[in-house]
Structures are given as C-alpha cells and as structure tokens.
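Written below as structure tokens is the structure these notes are about.
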Amino acid sequence: MIRRTLAIAVKELLQLRRDLRTSLTLLGMPMLLLLIYGYALSFDIVHIRLAVIDHDGGRAARDVRAAFLESGYFDLVAHGRDERVLDGLFDTGDVQAALVIPADYGTTLAAGREAQVQFVLDGADAQTATTILGYARQIVASVSPVLRGAATSGPVLVRPLVWYNPDLSSSRFLVPGLVAFILMVTSVIATALAVVREKERGTMESLRATPLLALELLVGKTLPYLLVASVSAAGSLFLAWALFDVPVRGSLGWLAVVTLLFLGGGLGWGVLISTLADTQQVAFQMGLLSSMLPTLLLSGFIFPISSMPAPVQVITHIVPARYFLVALRGIVLKGAGPEVWWPQALALLAFGAVILAAATVRTVRSL
Amino acid sequence: MTAVPVVAARELSRRFGPFVAVDRVSFDVAPGEIFGFLGSNGAGKTTTIRMLCGLLAPSSGSATVLGLDIARQADEVKRRIGYMSQRFSLYTDLTVEENLRFWGGAYGLFGAALGRRADWAIATAGLAELRSALVRKLPSGFRQRLALGAALLHEPPVVFLDEPTGGVDPEARRRFWDLIDDLSAGGTTVFVTTHYMDEAERCHRVALMHAGRLLALDTVPALKGVFPAGAVVEIACSRAPQALGELESFPGVSEAALFGERLHVVLDDPARRQELAGRLDAAGFGPVEARSITPSLEDAFIHTIRLAGEEKTGSGARGPGSGGAA
Amino acid sequence: MRALLNLLVKELLQLKRDPKIVPILFVAPVFQLFILGYAATTDIKRVELAVCDLDRTAASRQLVEAFTASTYFRVVRTVDAQGELDPLLLAGAARLAVTIPAGFAADRNAGRPSTIQLLADGSDATVGTVGLAYAANVVQQVNAAAGVRPQVEIRPVVLYNPDLKSRNFMVPGILAMIIMIMTMMLTSMALVRESEVGTLEQLLVTPLTPGQLIVGKLVPYALVALVEILTAMPIVLFWFRVPMRGSYLTLFLLTLPFVACTLGLGLLVSTLSRTQQQAMMLSAFVFMLPQIYLSGFIFPIQNMPQAFQLATYLVPLRYYVVILRGVFLKGVGFAELWPQAVALLVLATVILTAARLRFRRRLG
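These protein sequence lines map, in sequence, to chains A, B and C. For the first sequence, position 56 matches number 56 in this note's numbering, and the numbering has no gaps at all. Heads up: take any position in the second sequence, counting from 1, add 1000, and you land on this note's numbering. Heads up: take any position in the third sequence, counting from 1, add 2000, and you land on this note's numbering.
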C-alpha cells in the first residue's frame, strides 16, 4: 500500500516540479503575501483627522486641545471658533472627529464644577470610531483633575497588566492570523485542481485500471503539496519571527506538529472539493468561496468568535483555521504546551480524518 | 493554371524562435479542387493552414486567399472561408442545434436563412434525430460531420480542414470524405491536411510536406510516377525484420522498408529482382517470393523524403505542380 | 449588436447547462452573506472574565456584579488564589482576569484608594484593548456612583451610526467583497477555458472582433452580478436592518463602474494566463487578496505605511467602500462621492483597455 501511494506521490511531484509556475507560486506566495500584508495591516490607529472648535479660547481649553494633539494619535485638519467650520467635512470624510469645547469650560473648571467637552465622531466605521473614542476618553481623563466632592468612599484604581503582548501590538496578533489565512487559501486552491485535472484530461481512466485504491490515490496526490506547503509554512513562520516581532515562546517541535495537522486539513479540503467538482472552473469556485471569506471572517483572525451569535459560533467549528489560530497563538505568544492546546490539535486531526474519509468515499462512489 | 487560384502562397515561412516550422512554401490551389497537404506530425501542415486562415502571421513570404492578402486583409479572409481545426472545437455543453445557431450567428446568419442552413447541416451530418442532443454525447463520427457542417453554414467558397478525421473509425472516415467529394463537385474548394495515405489518394492534387518544406506537389498518379517502372518490389520471406538488414546491404537497393509482414524494396535496376530473391534465399530467409508492384503513395512519400535529404538543398525535388487539376 | 446577442445567448446557455453553477452563483453568496454578516462584528460581547476575589465582602461582590451587569463580560470562573488565574489565561479559557485585593472594602470605607488588578490576554489584541477599555468604563461608573468622578468628561456625539453598530457598515462591505470575488472568479476563467478547450481558435476565425468577444464575455457576467446583488439586497436591508439613508439609484449607478472594474480585472487575468490553474492563482493572490486587505474595509488605510497607502489608490474596492458607507450610512450622493465615481471610471477604462490589448497580442 505504501509503495503504491508513494508511486502516485512521486508522479505528482515530478509533474509539480515541471510546472514551475505553480510550484514557485505555492512555495513563495505565502511568504511574499506575508511580507506585504504584515507591514500593511494593523489596527492601531494614527493620523486621525481631528477638528477643534474652541468656543472658550482660554488657558484650560488650550490645555485640553494640546493634550489631544500631543498624544500622537490625532492630526489637526481644521479649527475655528464656530461649528460652521465643520459643515460637510464629515460627509466627505475630511474630518473623522471633532472636539468641541464649550464657551464656559474654563470658568466651570475654575469653579470646581463638572465640565463637559463634546466629541463628535464619524460613526460609519464603527470599529475605528470606538477606538478613537477610547483614545479620547483616555486623553480627557489624563488632563482632568479628580473631583472628590461628596465622595462616600475611596476611589477604585485600576492597574492593568497585559500578558503575552505587553504593548498590545496588533501586528503580533494579526501576523499569526495572516499566516493561517494565507496558508489555508493557498493549500485549498493548490489541491482543488489536483484531481479535477486528471478527470478532465482523461488520465483518471487509466489510473482506474490500476490496482490503486482510492485512498492511496488521494493521499499520494496530497503528499507533494504537503511537502511544498510545509516548506512554505516554515518560511512564513520564520518571517513572522524575524520581521514582525512575533516571538516563539513555545516549542518549535509542537509548532511543527500543529502546523502539519493544519496543512493536512487544508489540503484535504481542497482534495475533497476536487472530487465534488467535474470541471476546473467549478473546483476553483468552490475552493475559493469556501476558503477565502470564511477563513478571513470566521476563524477568529480578526473578529472575536465569542462576540458572534451562537448559531454562527457553531459554524466556526468547521473552520480549521479557528483551531490552528488558537494553538498557534498559544504556542507562539504564550509558550503553551500540548496540555493546553490538545483539544485544538485533536480537532484538527479529526477534521483531516473526516475530510479524507469523505473524499475517499466520493472517489470510490464515482469510479 | 488557367483559372485564378483560390489560394496562392509564395515563399510562405513561419519561425518560432530558432525553429523553422514552415520553410518557404509556395503553391497554388485551383477552384473546386480537393487539395491535400500530406505529411507526418510536426511537418508544418497545421502551421501553414493557420497562416492561411489568418490565425497566425507569417514570418516572411506572402499568401492570398480569394485574392485577399492573409497578412493585411485577415479579417476579410475570415469572413469568406470555413475552417475546421484539428482539435474538436464546438461547444460540448451545448446541443447540436444551439451550436449551429451560434456559429451561424457568428458569421452573420440569422432568421430564416440561419434556420435553412442549420437544417442543411443537420441533414448532411445525419443528425436529424439528434438535433437536441448535447454535443458531448455524440459519437466522434457525428461530431466531425457536425463540425464540418458548422464550418459551411455561411456557404464559403473555400474551406480549410485540418486533419478532420482524427480518431474516427474507417467507415465514418469514408462517409466524411464522401461529403468532401460532394462539396468539391458543387464548386467548393477544399484544402485539407492529413497524414492518412488513403485519404490523400482521394485528393486531386497532393503536396508532400516534411520538416517544414514542400517536397513535392502533383496529382497522385504523377507522384507515384517518381519511380521508374517496376522499380518497387514486394518481397515475402521468412523472418522479414531480420531480412531487412540483409537487404539494405545489397548493392542496387536504394530503399527497403517493412510493410506489415512483407518488405518493399526499391531497386535501381528492376531486372535484378530475381537475383535479390536468390540471395535472400541463400542467406537463409527462404522461401522467398519477389514481385513488382504498383508503388503506393506511401512508397512515393518515403522515397521523396529520402531524395530530399540526400540532395540537402532548399526547395525539394519538384517545383509547384504543372498540369491542371485531375 | 446581433453578434453580441448571439454571444450572450451562448454564454448564458453554457451557464445554465452546468448544474453546479447555479447554486454557486446564486445560493452561495446569499448563504455567505447571512453567516458572515453575523460574524463580522467588532462589537465586543461576552468576553470571558475570571475573578479572583481576595476580599470576599459585600463591596467586592458589588464590584463583580458591576462587571457582569454590562453585557461586555461573562464571568467564567471564580478562583481563590491569584496563581490559579495563570493557567486560565494560558488556555484561553479566560481573556481577562480581575483580582480584588484583600482589604478592598476596608480601604474604600476609610476613604482610601484601593487598586484592583486587571490581567488581560494580549494575544488577542482586539479583545485585549477593548476589554481593558470596557473594564475601565465599568470602574469609572462604580466610582461615579460613589461620588468620585473626573472633573472633565466627554460627551460623545456619534454621527451616522449612533449605536456604533459595526454591522451597519460591515454587511454592505461583505456583500461588496462577495460580489468582487464572484465576478472575478467567473471572468478570469472565461477566456482561458475556451482557449484550453479549443473553441477560442474557432471563435477567432469568425468575423467576430476581439472587442465583441470581450464585451460578449462581460455582459452575461454583469447580468449575473446584478441578479446576485438584487437577491442579496433584501437580506441586507430587511434581515440585517442596515439603514439606507441615501438613494437606491445613486447606489446602483455607482455600483456599475465597480462591477466593470472587477469584471475587467478577471478578464485581464484571463488574457494573462495560459491554463485555468494559472488564472486561478493569479486572480486569487494578485487581484483578490489585495482588494480584501487594502480596501480599507477591515484594516484602516490610514494606519498603513505610506507606500501601501499609495497602492490602495489602485484598488477598486477601496473606492466602493467609501461609496457604500456614504450612501447607506451618511445618505450622501454624487455631490460628495464624485471623486470615487471618477476614480472607478478611470480604473475601469484602464483595465478594460489593457485586457483588450493583451487579447490582441495573444493572437500571434
């Protein structure tokens, strides 16, 4: 059995080697994409376009304004003493936020009463808006003296401590996700065409005439891609560590194991698709649709799964990247050992097994 | 050539990098003629036909189809010709009828005229009961006839067929060529490439192509006449493959080849036939029978190629054919 | 004109013949929109919180309740010793852990400040950042109830999307991404398939011009895109209840150049590839992925390095994202969105011209 599987694997490998374009793409594309997007993507927001409307003009007002501008997050794009300055600026997107300081700000403050400043936000991009609001609150809190007044008890202070990613750099969080995403899409697309091409060309017929088992055929076809994808994954993880500050606090060996399981699942998914499709066109469509957006949005790469409605959370269970991300982030950022992420590894293993079984059944049934 | 040639090529050449696919080919095709381009795979037949149809630009030389220059007036050439490519190129996921309607429409046919021509194509191909069948499901003989019909919807005066009977059984091939005969009789010029000798025999004139060069162009009987009378001898003996080696060393044998179980030998002096037989017998390949035969086109083809190779010159043993169509 | 109709009919017939195409073209987008529309939310809810209450007084319990009262947090474990928090964070069972020190109540009653420790799992920066921010909010409210408050407070005024529901913007954006992927997928395989199968050569021998062939490939898929949009819109508007403050006509007119761009890109890929596999790789990695990442839809453009910001000017989805936000949430029209419209038109023209030129070049 092993010998026959290897025979198929060798044939596939030879074909792959001759098809330089495909093999180079599979090998190099993930690293190239990581390089590009690793630098491009982050959630940390800077250069926020701020307008300041200062009705007061006094010293205290200028302090607040200075605090905003010195924070490093905001760029002053418009200012004045009258709201009319803002007309249409939010509509065109020239201004993202506006700080409006009321006329009696200074006097209210001096009198020891509570003062308010208005902060106008473009809420269309809710995520950015929330972050900006958070910044604004922090800044205002930092310039504001605390009123004890009629306090009935001592204040509660907060000492925040962030583990694994102390400066909450979004790239340490995004890059592993990016690696998972790119590897998934690449694996699925690579293998989605594998079996279909044989079907379309007619060589499937001759393979049928051999004593080859369906399982051997499928595993044999997947092996070379696993090889290429592993090299690619290793390269990507190396880049993540070297260029993007992603530490590797856990064991490299376990990282390799988990990555292999993940790749196996992704490649298997592509093979399953290729047994379901009769033409390369359909195989492509199915592969793309089932890997690109779902992996992007349902794996916990960007949007936290816990925030999704329950039915959707159930669906995320069939996205292999979900498990890989937990294990990856665990090993890499937290230094977690297998006793922590074994459920994820098991899930990936189960996923791969189910996929392979399904693909085998499909192949046997159609022969 | 008394009539204006339908196709006229002058020193037509095409290079792909250092590789010369078509090497200074010149010929004329008369109206209503069945003009065959004979050669093995890779001889340059398909490249030539694609140039004539305006699909490929020549590297040098020129050609006209129906008086139009293929390089500069390609679009107008296309409007007036029919073409059947070597690969089957109708839509397999459409029905017979849908394909005909589409291709007819592509040539500007519509309405009642399109309907008439589509019906004609279906009748000619013998597909009356199968007009709503998916092309994918048709056997190959039907497919080829359908493709021919599709190429003829707009009633072009000349049609180019590139190896139209590939992968088709002999009976279907014969039917196909009956259609070609009908076309020619009706005045349509048929330019067809093939590597089947028996098909080449059905052409009015045949051009022999080898390694991009036009080696000979003439009627079939004239081509066979390349040998002096009686020069081709068929030998039946035992262990023919081994006998082949013995024969080739015999002086006076210019060519020897295995034809099935027998050997075809070309002798410089036909009279030495029995001497040859005797020698074979003495060498232990008896019993030996040797008789003169009418050379086949294949014999002529091989002989011509060999001569061209020996001469090592440019344009081959014979120039453009003389004499009218057969 | 008749030639185009001819091509159109053929293309649609072929589409119809493939039984697997119809679900892919019309069911899958709708299905995806449903699921992904729900998934794409940045509103943080039910963050897993672990509590280590070393004080165990009424006051400390009140504080814990303040956390759970907000929908942001969900207490998953209460532990007795601080050491037990580590494994929880390690395993990801809890994302945030709050430790209330012994003497919390006593200190507060005496008017002294008391410090609670918030431990955040930074490996998920989004949850970490927002989680900390929410926690700070909760604490601020607790303080305010006790009479301790900062003197200066912010009164936020949110325009266009007062509840800051990320879904209102995400859902139309996801629809745009789905349309982009579908249209590019279809056209990128279109020409290559004909070339691989052999029908392209036959097409080239006919009087049909390259221009006609290209338009003949674009129009049917534009129609498909239109149908997809029309079937998906009711879901966006009525199921997800995304407000539509602008005009449908404006949206439709501004969608046309966007679809022209994506169809054109697919066609360009088709002319650049010799095999279907190449077409797949090219379209997926070089044209689709950048649109997803660099469109500003998920990752804000202003955060990117300068070079990337410049690159985004070439991404059609970037402009369409602005258009979507503008029409749906801000209710603006051509007066404000004309730069985006012009950019899309220019891009579409360039792309289609390039496709046409490449097509010509391919013919020997």
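From the three backbone atoms N, C-alpha and C, an ideal C-beta is built for every residue, glycine too.
Indicate the three-state DSSP secondary structure (helix, strand or coil) for T2187(C) in the structure shown. helix
Three or more beta-carbon pairs under 8 Å between the region 347-365 of chain A and the region 1025-1042 of chain B, yes or no? no
With a cut-off of 7 Å, does the C-beta of R2245(C) fall near any C-beta of chain A? no
Could you tell me which of G2333(C), A2039(C), A2348(C) and L2357(C) sits nearest to L2249(C), measuring between CA atoms? Of the candidates G2333(C), A2039(C), A2348(C) and L2357(C), G2333(C) places its Cα closest to the Cα of L2249(C).
Is the beta carbon of G1044(B) less than 7 Å from the beta carbon of M1209(B)? yes
Cβ neighbour criterion (16 or more within 10 Å) applied to I2(A): exposed
Return the CA-CA distance between P2019(C) and V1190(B), expressed in angstroms with no decimal places. 40 Å
State the Cα-Cα distance for the pair Q2277(C) and L33(A), rounded to the nearest angstrom. One C-alpha to the other measures close to 19 Å.
With C-beta atoms as the reference, is T5(A) less than 7 Å away from G270(A)? no
Distance, Cα to Cα, L133(A) vs F173(A)? 22 Å
Supposed contact pair Q1086(B) and G1166(B) - C-beta distance, whole angstroms, cut 8 Å: With a Cβ gap of about 7 Å, G1166(B) and Q1086(B) count as contacting.
Can you list, in chain order, the residues of its chain whose CB lies under 8 Å from that of A60(A), leaving out five sequence neighbours each side? A distance below 8 Å between beta-carbons, with the five flanking residues on each side excluded, links A60(A) to the following residues of its chain, in chain order: Y105, G106, L109 and A110.
Within a Cβ cutoff of 7 Å, which residues of the same chain sit near T2183(C), ignoring the five residues on either side of it in sequence? Y2221, A2225, V2259, T2262, L2263 and G2266
My output table needs one value for P338(A): the three-state DSSP class, helix, strand or coil. helix
Assigned exposure category for Y2313(C) - 16 Cβ within 10 Å defines buried: In summary, Y2313(C) is exposed, with fewer than 16 beta-carbon neighbours lying within 10 Å of its beta-carbon over all protein chains present.
Would you mind sorting M292(A) into buried or exposed? The rule is 16 or more other CB atoms within 10 Å of its CB. buried
Run through chain C and tell me which residues come within less than 7 Å of M308(A), C-beta to C-beta. The answer, in chain order, is Y2038, A2039 and T2041.
Counting only C-beta atoms, is L2119(C) closer than 7 Å to chain A at any point? yes
Contact list for L1094(B) against chain C, beta-carbon separation under 9 Å: K2010, L2013, Q2014 and R2017
Just checking, does the region 2031-2039 of chain C make contact with the region 2072-2084 of chain C on the three C-beta pairs under 8 Å criterion? no
Assign D19(A) to one of three DSSP states: helix, strand, or coil. coil
Would you decide whether G1323(B) is buried or exposed? Buried here means 16 or more other CB atoms lie within 10 Å of its CB. Model confidence at G1323(B) stands at a pLDDT of 38, short of 50, so the residue's coordinates are unreliable; what they give is reported in the following sentence. Exposed: under 16 other Cβ atoms inside 10 Å.
Using beta carbons (cut-off 7 Å, strictly below), is K334(A) in contact with chain C? K334(A) counts as touching chain C.
Would you check if the region 1101-1117 of chain B and the region 1162-1180 of chain B touch, i.e. whether three or more CB-CB distances between them fall below 8 Å? no
Hey, out of A2348(C), N2303(C) and A2307(C), whose CA is closest to Y2319(C)'s CA? A2348(C)
Could you compute how far the alpha carbon of I1081(B) sits from the alpha carbon of E2201(C)? 14 Å
What does F1285(B) touch in chain C if you count any residue whose Cβ is under 8 Å from its own? Result: empty, since nearest Cβ-Cβ is about 49 Å, beyond 8 Å.
Measure the beta-carbon distance from P2290(C) to V2327(C) and round it to whole angstroms, keeping in mind my assumption that it falls under 8 Å. At roughly 24 Å, the Cβ-Cβ gap does not stay under 8 Å, so P2290(C) and V2327(C) are not in contact.
Within the region 1101-1186 of chain B, note down every full beta strand (DSSP E) run reaching 3 residues or more, in order along the chain. 1158-1162
Once the 5 residues before and after A214(A) are set aside, which same chain residues still bring their CB inside 6 Å of it? Taking C-beta separations shorter than 6 Å and ignoring five residues to either side along the sequence, the partners of A214(A) in its chain run T360, T363 and V364, following chain order.
Evaluate I1293(B) with the Cβ neighbour count: other Cβ atoms within 10 Å of its Cβ, from every protein chain shown; 16 or more gives buried, anything less gives exposed. It is exposed - the Cβ of I1293(B) has fewer than 16 other Cβ atoms within 10 Å.
For P304(A), which three-state DSSP category applies? coil
Between the alpha carbons of V1232(B) and G1187(B), how many angstroms are there, rounded? In a straight line, the C-alpha of V1232(B) is about 37 Å away from that of G1187(B).
For the 8 Å Cβ check, are there 3 or more pairs between the region 186-197 of chain A and the region 277-294 of chain A? With a cut-off of 8 Å, the region 277-294 of chain A and the region 186-197 of chain A count as touching, because enough Cβ pairs lie within range.
Counting only beta-carbon atoms, is M2401(C) nearer than 7 Å to chain A? Outside the displayed span of chain C (2001 to 2364) sits residue 2401(C), for which this structure offers no information.
So which residues of chain B does P2156(C) contact, with C-beta pairs closer than 9 Å? Those do not exist, as P2156(C) stays about 59 Å from chain B at its closest Cβ, beyond 9 Å.
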